[in-house]
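Taking it in order: structure first as structure tokens, then the write-up.
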Amino acid sequence: MTSDARPRRSALYLPASNPKAIAKARTLPADIVILDLEDAVAPEAKDDARKAAVAALESGSFGNREVVIRANGLDTEWGARDLAAIAASRADAVLVPKVNSPEDITRYHNALASAPEHMQLWAMIETCACIPQLDPIAAMAASTRLSLWVMGTNDLAKEMRAKLTPDRTPFLPFFSMAVAAARAHGIAILDGVCNEFRDLDVFRAEAGQGLAFGFDGKSLIHPAQIDPCNEIFSPSDEEIARARAVIDAFSLSENKGKGAIRVEGKMAELLHLDEAKRLIAITDGKGPNA
Ligand code: COA
Ligand code: MG
């Protein structure tokens with residue numbers, strides 16, 4: 254499965270210092286598990302959390318889930334040790350916080366020099382400084398391990414001194430800009446977390462908004478958010494049927510070489526064929542328990 258064709262509907266954070274949460278995450282239906290060493294871990298627990306995250310990947314299976322470790326920044330006292338430990342671990346990716354510039358991506362990429370080739374670099378988009386540089390940061394995907402962004406709406410709100418209202422109005426321009434920059438350079442992008450984990454109506458509204466903005470999925474903080482998130486970010490039966498119809502129609506010999514055709518009364522162009530193929534690849538992709 255190529256990275257672009259894997260389901261990345263739901264990405265559950267958990268503090269790597271919480272063994273109960275780690276045990277639980279091995280069976281939860283999240284597409285991605287993010288073992289956090291950063292914001293969710295207190296300074297005095299950082300060293301133990303790092304060891305626990307690495308050990309969790311050695312000691313048991315996470316099925317087909319992508320497992321990611323979020324490091325502390327290289328500008329903190331823990332960052333260099335985190336990056337070294339993650340580079341030598343079985344993680345699929347390292348998620349790095351508070352990226353401000355393309356130079357930051359280079360620094361993290363270089364810190365992973367000894368890591369296996371398949372290890373990806375994922376970056377949090379969560380500082381005011383990165384906003385005017387979204388395009389050059391995304392462009393680093395061509396020359397580094399960078400392959401995915403995660404919106405960090407809590408940190409962005411703190412830096413901006415903006416309110417995290419349910420409609421998320423202060424952040425909407427940045428969502429559009431970040432999705433466009435990510436797409437321009439072929440990287441995936443996940444929405445930020447919804448702190449309201451007891452009210453799933455609030456969560457659903459926010460996840461639906463993220464879907465409408467073009468995010469591939471959403472980062473989550475609590476197991477209760479996984480099912481609604483997977484549901485919202487999965488293509489509907491109608492969308493799947495339409496995609497199959499578009500693919501079938503373009504494969505007919507009479508449609509060979511055509512750029513635009515009629516499929517079930519609606520126009521389909523080659524761009525729709527590309528979209529249809531991606532949607533089917535994601536739909537047919539293995540779920541987290543495969
Ligand atoms: N991943 C895996 N399991 C989790 C979990 C998570 N993110 N959050 C809660 N659980 C587990 C709990 O361990 C508990 O398990 P149990 O039934 O076996 O005891 C169960 O789910 C119910 O938890 P609940 O009592 O509803 O939540 P809580 O009050 O214990 O915890 C939070 C609430 C917010 C502290 C917790 O959900 C959490 O730590 N979330 C992740 C925070 C994080 O990583 N932040 C960084 C990125 S923003
Ligand atoms: Mg943060």
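Counting with the numbering used here, you get residues 254 to 543 for the letters of the sequence shown.
Just so you know, even glycine gets a beta-carbon here, dropped at the ideal spot from N, CA and C.
Using a threshold of 8 Å, state whether the C-beta atoms of Ala441 and Leu505 are closer than that. On the sequence shown, position 188 is the one that residue 441 refers to. On the sequence shown, position 252 is the one that residue 505 refers to. Not closer than 8 Å, so no.
For Ala269, does the three-state DSSP call read helix, strand or coil? For the purposes of this step, residue 269 is taken as the residue at position 16 of the sequence shown. Residue state, collapsed to three classes: coil.
Around the ligand MG, which residues pass a check of Cβ closer than 7 Å to any of its heavy atoms? Glu291, Asp292, Pro350, Met377, Glu379, Gly405, Asn407, Asp408
Thinking C-beta only, is Leu288 closer than 8 Å to Ala269? For the purposes of this step, residue 269 is identified with residue 16 of the sequence shown, where counting begins at 1. For the purposes of this step, residue 288 is identified with residue 35 of the sequence shown, where counting begins at 1. Yes.
Nearest by alpha-carbon distance to Ala340: which of Pro369, Glu356, Pro355 is it? Along the sequence shown, one-based indexing puts residue 340 at 87. Nearest of Pro369, Glu356, Pro355 to Ala340, Cα basis: Pro369.
Cβ shell of Pro544 (< 8 Å), same chain only, five flanking positions each side left out: Because the chain in this structure spans residues 254 to 543, residue 544 falls outside the shown range and cannot be described.
Start-to-end residues for the beta strand (DSSP E) that takes in Ile287: Indexing the sequence shown from 1 puts residue 287 at position 34. Looking at the DSSP string, the run of the beta strand (DSSP E) that includes Ile287 is 285 to 289.
What is the C-beta distance between Val446 and Asn407, in whole angstroms, given that I count them as a contact (C-beta under 8 Å)? Along the sequence shown, read from residue 1 onward, the residue named residue 446 stands at position 193. Along the sequence shown, read from residue 1 onward, the residue named residue 407 stands at position 154. That belief holds up - the Cβ atoms of Val446 and Asn407 are roughly 7 Å apart, short of 8 Å.
Under the criterion of a Cβ to heavy atom distance below 7 Å, does Phe476 qualify as lining the ligand COA? Counting from 1 along the sequence shown, the entry for residue 476 is found at position 223. It should be noted that the sequence gives Pro, not Phe, for residue 476. It does: the Cβ of Pro476 is within 7 Å (strictly closer) of some heavy atom of the ligand COA.
Who pairs with Gln373 in a beta bridge, going by DSSP? Counting from one through the sequence shown, the residue named residue 373 turns up at place 120. Per DSSP, Ala346.
Going by C-alpha distance, which of Ser263, Phe428, Pro385 is nearest Gly405? Position 152 of the sequence shown, counted from the first residue, corresponds to residue 405. Checked all of Ser263, Phe428, Pro385; the closest Cα to Gly405 is Phe428.
Closer than 7 Å: Pro268 CB and nearest the ligand COA heavy atom: Within the sequence shown, the letter at position 15 stands for residue 268. Because some heavy atom of the ligand COA lies under 7 Å away, the Cβ of Pro268 counts as near it: yes.
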